[in-house]
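There are 2 protein chains.
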Amino acid sequence: MSDKRKRYILPEEEIPHYWYNIQADMVNKPMPPLHPKTKQPLKAEDLYPIFAEELCRQELNQTDAWIEIPEEVREMYKYYRSTPLVRAYGLEKALGTPAHIYFKNESVSPIGSHKLNSALAQAYYCKQEGVTNITTETGAGQWGAALSYAAKVFGLEAAVYQVKISYEQKPYRRSIMQTFGAQVTPSPSMSTRAGKDILTAHPNYQGSLGTAISEAIELAQMTPNCKYTLGSVLSHVTLHQTIIGLEAEKQMEMAGEYPDVVIGCFGGGSNFGGISFPFMRHNILEGKKTRFVAAEPASCPKLTRGKFQYDFGDEAGYTPLLPMFTLGHNFAPAHIHAGGLRYHGAGVIVSQLLKDKLMEAVDIQQLESFEAGCLFAQAEGIIPAPESCHAIAAAIREANQCKETGEEKVILFNLSGHGLIDMASYDKYLAGDLVNYSLTDEDIQKNLDEIGNLEK
Amino acid sequence: MSDKRKRYILPEEEIPHYWYNIQADMVNKPMPPLHPKTKQPLKAEDLYPIFAEELCRQELNQTDAWIEIPEEVREMYKYYRSTPLVRAYGLEKALGTPAHIYFKNESVSPIGSHKLNSALAQAYYCKQEGVTNITTETGAGQWGAALSYAAKVFGLEAAVYQVKISYEQKPYRRSIMQTFGAQVTPSPSMSTRAGKDILTAHPNYQGSLGTAISEAIELAQMTPNCKYTLGSVLSHVTLHQTIIGLEAEKQMEMAGEYPDVVIGCFGGGSNFGGISFPFMRHNILEGKKTRFVAAEPASCPKLTRGKFQYDFGDEAGYTPLLPMFTLGHNFAPAHIHAGGLRYHGAGVIVSQLLKDKLMEAVDIQQLESFEAGCLFAQAEGIIPAPESCHAIAAAIREANQCKETGEEKVILFNLSGHGLIDMASYDKYLAGDLVNYSLTDEDIQKNLDEIGNLEK
């Protein structure tokens, strides 16, 4: 065995004081979100009824590269950050690759994933602005758990709509949210117009993030002193997640290396952007040549097979129109176990970056993702979340390529969360009960044709 | 909020190179284990058929205070250690106590508990001695998961007997062990004589650690090149767990404090001893006055209501006779959700220390333990294992006392693991479906009378 250092943790004073806003450094800025009714470019004020005002300003900020982390949020970060950067010797050995594989271990956050990084920030700003209640949606439950705890930290009440399929597949996440004191409702529900509408049309609909978002927004708008919060997709969420990459940058320096490839799994883009953007900054400003790879599920391939166009962020069309790679806001993804990746669109920043070829995307089938997850578990002792398994699978592909070429590439991926709540999914995988899902080009096109051109 | 540092992590070079063997410093050494057949004091060689030889020597070592951690084990420790020492400001605030509460967060180990500290050591020594297969028992599954992964690290095959009640209450732990590649059997099973005997007498017996130990020992003895491993109780297991307290000692120094009270939950004693003994050393050698409190479940009260006598470590009587506080090796504990604490006896070191009043014990009812766990979860964001909830409850009792007296005591407890696999138990607690269990003095005496004096 090697005697090299395997785990890198930053001293407390090195925990970043600023998030990184890549919009300021992008040559081609993201196109503006459009007001859902007027179709005019959105102003921050247009979003005030839905989100905390500071978050609205962050959302549209294309000028400030560095946004200060409020002291109260940084104070909470210090409870669990820096998360470790780990050299995955076990995985390297199992693969027999000359590549150097590193992962940023966000699974050691108290709630088990990176989601807490933005939940704390969002709850904090809501509290600052006098909000008393917050709503949100959650897929696999990682975001819902984070938000429930963050709400408790800042003394807010939280109501969470959990995608029904996940609510049933992952009952423990519901329990976690309830243990933190949140109210949890499976979505679609009969508690909102959006929920009722879709249940009337499709009584057995198992839910999607898009529908749950509609329900959570509607509840926030109907409740006094209540704001909505979102766990991914939006630019301010990704902004908060850059703490991951900013730490990783310093930690890679401790390891004396710099990544050739940075990989994140991809649902809405916040964990991917979180680990990537601080490194991408050096590509943009200094001409570094690091590759950035988003790993999405083959059953929900908005980046690899979707279309770049204006679309809604939610199923019912309550959100602004966003310029995004999308499969259509009415897209009903297959019931894969990576619930956090079952979303039809990509955030506006990532969409622009992909359009400009500053990053790449790969699609991963369900079975390949779990195979990668089991190999990683046995090699590193950590059961990864089904979402994170996609990043691991993509990293393994890269590492295996290095085995062929003999290249000692440095691969960095984000282990966004652990999968301890997802053991029922592993059970099914080990029993041979999981399947892959295929989409034809016609399926995809038909769905996009249905929504048509929303700008007009 | 305070701007004080909240989390203390040791630089890698500060991770201890030695475990601490308190036996060497004890004035009254533990009485010797007796051979189950001859009733003569045991020699290390007598244990060689069951355990790796180095572990047998460690078990009976009463002279060396410091045992070197093998480089290969320390190398693996570096993957997840030091675990953080955390100042529990959230909990202090929730309680309104002047006490300073710290916890050592073993829940961030890859497998989610402190158990990995000994699993890696035991698997390593087995591998060194040419063993190919290892067996063990597990209650809640924390130890089984740790051992399964440790076996994989050192290329061994693992077979685990899981107490049936836990196997059913916590199916995810079984999945975790299987994901790590272990074979898992619910105990009692028909695969051993011990299992058959008890199932014949009590067809619906839901199992206990004592029975599972018997089965695992029997399998090890029937299988070529196979050794048995144990997750607690024995002195060598506690020895390995002293890494917890040794780190905590240095981390408390970083915090500029020294504990007035050290608390651990108590099943067999290894997590309690692990955090306590390095501090107790200063009581013994330097006359410090720290108190040490073992928190056991009221339904399995060997320390607070058991008898100090020679007894078997397992249900079938395969182990040596150990001088221990015990409820009788035939004791069938109530079906509390803290499966890891459902054990009839206490390790020989702890038993001697309790007899000599160098430590104390308290018993905690199931409902108090979960109440404490939920409060902690909301305050600190970490869902504690039901076992660890007992330590939290005891810490809260101490902190509340400080509130009354106004004392600023420093309280340190071990958060031995997280409870993410135990959410079904939390569900039942939140639904009001959990109960307390009472034992009469007659129940306890009757059970002890049944086993009689085993020395003769």
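Respectively, the protein sequence lines represent chains A and B.
First residue of the first sequence? That's 8 in this note's numbering, and the numbers climb one at a time after it.
First residue of the second sequence? That's 8 in this note's numbering, and the numbers climb one at a time after it.
Even for Gly, the Cβ is constructed at its ideal location relative to N, Cα and C.
Counting Cβ pairs closer than 8 Å, one from the region 307-321 of chain B and one from the region 376-389 of chain B, do we hit at least three? no
What residues of chain A sit near PHE187/B, judged by a beta carbon separation below 7 Å? For the purposes of this step, residue 187/B is taken as residue 180 along the second sequence, with counting starting at 1. Within chain A, the residues placing a beta-carbon under 7 Å from that of PHE187/B are ALA384 and GLN385, ordered along the chain.
Within the same chain, show all residues whose beta-carbon is closer than 6 Å to that of THR311/A, passing over the 5 residues directly before and after it, in chain order. Walking along the first sequence from the start, residue 311/A turns up at place 304. These residues qualify, in order along the chain: ALA368 and ASP370.
N-terminal and C-terminal residue of the beta strand (DSSP E) that PRO330/A is part of: On the first sequence, position 323 is the one that residue 330/A refers to. Looking at the DSSP string, the run of the beta strand (DSSP E) that includes PRO330/A is 328-333.
Helix, strand or coil, according to DSSP, for ALA59/A in the structure here? As a working mapping, residue 59/A is identified with position 52 in the first sequence. In this structure, ALA59/A counts as coil in the three-state DSSP scheme.
Taking only three categories from DSSP, how would you classify PRO210/A? Along the first sequence, one-based indexing puts residue 210/A at 203. In the structure shown, PRO210/A sits in coil (DSSP, three-state: anything other than H, G, I, E or B).
ARG14/A: contacting residues in chain B (beta-carbon distance under 7 Å): To locate residue 14/A, count along the first sequence from 1; it is residue 7. LYS85 and TYR86, listed in chain order.
Looking only at its own chain, which residues have a Cβ that is under 6 Å from the Cβ of PRO308/B, when we skip the five neighbours before and after it? Within the second sequence, the letter at position 301 stands for residue 308/B. So the list reads ASP370, once near-sequence residues are dropped.
Any 3 or more C-beta pairs closer than 8 Å across the region 206-219 of chain B and the region 94-110 of chain B: no
Under the DSSP definition of a beta bridge, which residues are partnered with CYS233/A? Here residue 233/A refers to the residue found at position 226 when the first sequence is read from its first residue. Bridge partners of CYS233/A: ASN140/A.
Can you check which of these residues, HIS425/A, LEU419/A and ALA219/A, is closest to GLU264/A by C-alpha distance? Translated into positions along the first sequence, residue 264/A becomes position 257. With distances taken between Cα atoms, GLU264/A lies closest to LEU419/A.
Beta-carbon gap between TYR25/B and ILE57/B smaller than 8 Å: As a first step, residue 25/B must be located in the second sequence, where it is residue number 18. As a first step, residue 57/B must be located in the second sequence, where it is residue number 50. No. Outside cutoff.
Who are the neighbours of MET430/B on chain A, taking C-beta pairs under 7 Å? One-based indexing of the second sequence puts residue 430/B at position 423. Near MET430/B (Cβ distances below 7 Å), the residues of chain A are TYR179, SER182 and ILE183.
Is there at least one Cβ from chain B nearer than 8 Å to VAL191/A's Cβ? Residue 191/A sits at position 184 when you count from the first residue of the first sequence. VAL191/A has a beta carbon lying at 8 Å or more from every beta carbon in chain B.
Contacts of ILE118/A in chain B (Cβ-Cβ under 9 Å): By 1-based counting over the first sequence, the position of residue 118/A is 111. The answer, in chain order, is GLY388, ILE389 and ILE390.
Residues, ordered as in the chain, of the region 146-173 of chain B that lie near chain A by beta-carbon distance below 7 Å: TYR156 and LYS159
Per DSSP, cross-strand counterpart(s) of CYS272/A: Reading the first sequence from its first residue, position 265 is the one you call residue 272/A. In DSSP, CYS272/A forms a bridge with ALA302/A.
Answer with yes or no whether the minimum CB distance from ASP370/A to chain B is below 8 Å. On the first sequence, position 363 is the one that residue 370/A refers to. So no, ASP370/A is outside the interface.
Runs of alpha helix (DSSP H) lying entirely within the region 344-396 of chain B, each at least 4 residues, in chain order: 355-362 and 373-387
Would you mind listing the beta strand (DSSP E) stretches within the region 38-109 of chain B that are 3+ residues and don't spill past its ends, in chain order? You should have 73-75 and 92-94.
Which residue spans inside the region 171-202 of chain B form an unbroken beta strand (DSSP E) run of at least 3? 190-194
Name the chain B residues whose beta carbon is nearer than 9 Å to that of TYR433/A? For the purposes of this step, residue 433/A is taken as residue 426 along the first sequence, with counting starting at 1. TYR179, SER182, ILE183, GLN185 and THR186, listed in chain order.
Kindly confirm or deny that the region 157-173 of chain A and the region 398-413 of chain B touch, where touching means at least three C-beta pairs closer than 8 Å. no
Determine contact between the region 433-444 of chain B and the region 286-297 of chain B, defined as no fewer than three beta-carbon pairs at a distance below 8 Å. no
Give the range of the beta strand (DSSP E) segment to which GLN30/A is assigned. As a working mapping, residue 30/A is identified with position 23 in the first sequence. Annotation for GLN30/A: no beta strand (DSSP E) segment contains it, and DSSP assigns it neither H nor E.
Tell me which residue opens and which closes the beta strand (DSSP E) that ASN421/B is part of. Position 414 of the second sequence, counted from the first residue, corresponds to residue 421/B. Taken as a continuous stretch (DSSP letters only), the beta strand (DSSP E) holding ASN421/B covers 417-422.
So GLN149/A and ALA400/A are in contact, right, with Cβ under 8 Å, and what is the actual spacing, rounded? Taking the first sequence and counting its residues from 1, one reaches residue 149/A at position 142. Taking the first sequence and counting its residues from 1, one reaches residue 400/A at position 393. So it is not a contact: roughly 19 Å between Cβ atoms.
Would you list the one or two residues that DSSP bridges to THR145/A? For this step, residue 145/A is matched to residue 138 along the first sequence. THR145/A pairs with GLN169/A.
Closer than 8 Å by beta-carbon distance: list the chain A residues that pair up with CYS381/B, in chain order. Sequence index remark: in the second sequence, residue 381/B carries index 374 (1-based). Chain A residues near CYS381/B: THR186.
In the DSSP output, which residue or residues are listed as bridge partners for HIS425/A? Walking along the first sequence from the start, residue 425/A turns up at place 418. Beta-bridge pairing links HIS425/A to PRO391/A.
Is the beta carbon of GLY439/A closer than 8 Å to that of TYR433/A? The sequence position of residue 433/A within the first sequence is 426, counting from 1. The sequence position of residue 439/A within the first sequence is 432, counting from 1. The Cβ-Cβ distance between TYR433/A and GLY439/A does not fall below 8 Å.
When the Cα atoms are used, what is the spatial distance from ALA302/A to THR236/A? As a working mapping, residue 302/A is identified with position 295 in the first sequence. As a working mapping, residue 236/A is identified with position 229 in the first sequence. C-alpha separation (whole angstroms): 25 Å.
Closest Cβ-Cβ distance between VAL244/B and chain A: below 8 Å? Within the second sequence, the letter at position 237 stands for residue 244/B. So, not an interface residue.
Listing by chain order, which chain A residues have their CB less than 9 Å from the CB of LEU427/B? The sequence position of residue 427/B within the second sequence is 420, counting from 1. Here the neighbours are GLY119, TYR179, ILE183, HIS425, LEU427 and ILE428.
Alpha carbon to alpha carbon, how far is SER221/A from ALA208/A? Give it in angstroms, no decimals. Numbered from its first residue, the first sequence carries residue 208/A at position 201. Numbered from its first residue, the first sequence carries residue 221/A at position 214. If I take the Cα positions, the gap works out to 16 Å.
Counting pairs of Cβ atoms below 8 Å between the region 242-260 of chain A and the region 89-105 of chain A, do you hit three or more? yes
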